[in-house]
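K.L.:
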Amino acid sequence: MRLPPARATTVLVAATCVAWAIGSLGPWRDIVPISGGFIPARVGGLALAGAVPVWLTPLTATLIHGGIVHLAFNMLMLGFCGRYVEPSIGWIGVAILYVGGAYAAAAAQYAVDPSGMAPMIGASGAVSALFAAYALLYGERRGRFREGRLGAALQILWLAAAWIGLQLLVGLATVDGNQIAAAAHVGGFLLGLLLAKPLLRLHWRKA
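Here's what the structure looks like:
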């Protein structure tokens, strides 16, 4: 079956790649992560001159990556998951998941490290929401517990662990060795699980 075009996914991938190129190839590349990344301590009142307003940084952080490997992996997963999820929940659903995932990731990271000074960058948290929706809507159950809620739960947990494990490997592979914000991935993933089916029902109710 040929899937319809995933326009929102394509726009997100293209915009992220263009933003990364502009931010990383110019003379300002060293200050971009600090000015545009999500820094938990800023929520508590830390002031940074010239930085993006803190309430907007969960979104701007998705446009900043630690290197070409980090960017390529996130865009590969965004393109793959979005390509399948968008026909099911629509472009508005994808936008809600992506933006919601970005903010859920920032909230989770703040919850575990409210005084953290390291900027959280990358689209991983937002992509985690789409990955969770893909896992919930298309994940194939294997083993003894193929049916029922237990089978679904085990499949989701396995996919979540695999996703976070892959992110850790990508973190080790990046040139600058950026730390991986595991809590952010969990936050985005949980948001995706929470919203996937409501967005699915909403989309087809309008169709």
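When we follow UniProt numbering, the leftmost residue of the sequence shown carries the number 1, and every step to the right adds one.
Don't be surprised by glycine CBs; every beta carbon is placed ideally from N, CA and C.
1. Leaving out five residues on either side along the sequence, give the residues of the same chain with a beta carbon under 6 Å from the beta carbon of GLY90.
2. With three or more beta-carbon pairs closer than 8 Å as the criterion, would you say the segment 69-85 touches the segment 45-58?
3. What number of angstroms, rounded off, separates the C-alpha of ASP30 from the C-alpha of ALA95?
4. Specify, as a first and last residue, the run of the alpha helix (DSSP H) that THR10 falls within.
5. Which class does MET77 belong to by DSSP, given the choice of helix, strand or coil?
6. Using the C-alpha atoms, what's the distance from GLY125 back to ALA184?
7. Which residues does DSSP list as the beta-bridge partners of PHE38?
8. Going by beta-carbon coordinates alone, are residue 215 and PRO40 separated by less than 8 Å?
9. Please name the residue in GLY50, ALA123, MET120 and TYR103 whose C-alpha comes closest to that of LEU191.
10. Can you tell me whether DSSP reads VAL69 as helix, strand or coil?
11. Between which two residues does the alpha helix (DSSP H) holding LEU59 run?
12. Using only CA atoms, which one of SER88, TYR98 and ALA123 lies nearest to LYS197?
13. Which term fits ARG205, buried or exposed, when burial requires 16 or more other beta carbons within 10 angstroms of its beta carbon?
14. Which value, in whole angstroms, describes the spacing of the CA atoms of LEU78 and TRP20?
15. Taking all protein chains shown into account, do 16 or more other C-beta atoms lie within 10 angstroms of the C-beta of MET75, making it buried, or fewer, making it exposed?
16. Give me the Cα-Cα distance between THR10 and ILE64, rounded to the nearest whole angstrom.
17. Beta carbon of TYR98, beta carbon of ALA129: below 8 Å?
18. Buried or exposed: LEU136, going by 16 or more other Cβ atoms within 10 Å of its Cβ?
19. What three-state label does DSSP hand ALA47 in the structure shown?
P.N.:
Per the coordinate set shown:
1. Closer than 6 Å at the Cβ level, and outside the excluded window around GLY90, lie HIS203.
2. With a cut-off of 8 Å, the segment 45-58 and the segment 69-85 do not count as touching, because too few Cβ pairs lie within range.
3. A direct Cα-Cα distance of roughly 29 Å separates ASP30 from ALA95.
4. Secondary structure note for THR10: its alpha helix (DSSP H) is the uninterrupted segment 7-25.
5. Residue state, collapsed to three classes: helix.
6. One C-alpha to the other measures close to 6 Å.
7. Looking at the DSSP output, PHE38 sits in a beta bridge with MET120.
8. Here the chain has residues from 1 to 207 only, and residue 215 is not among them.
9. Nearest of GLY50, ALA123, MET120 and TYR103 to LEU191, Cα basis: TYR103.
10. DSSP places VAL69 in helix when its eight states are reduced to three.
11. For LEU59, the enclosing alpha helix (DSSP H) begins and ends at 57-60.
12. Here the closest residue by C-alpha is SER88.
13. With a threshold of 16 other beta carbon atoms within 10 Å, ARG205 falls short and is exposed.
14. Rounded to the nearest angstrom, the two C-alpha atoms are 15 Å apart.
15. Buried.
16. Computed Cα separation, rounded: 17 Å.
17. Closer than 8 Å, so yes.
18. That one is buried.
19. ALA47 falls in the coil class under three-state DSSP.
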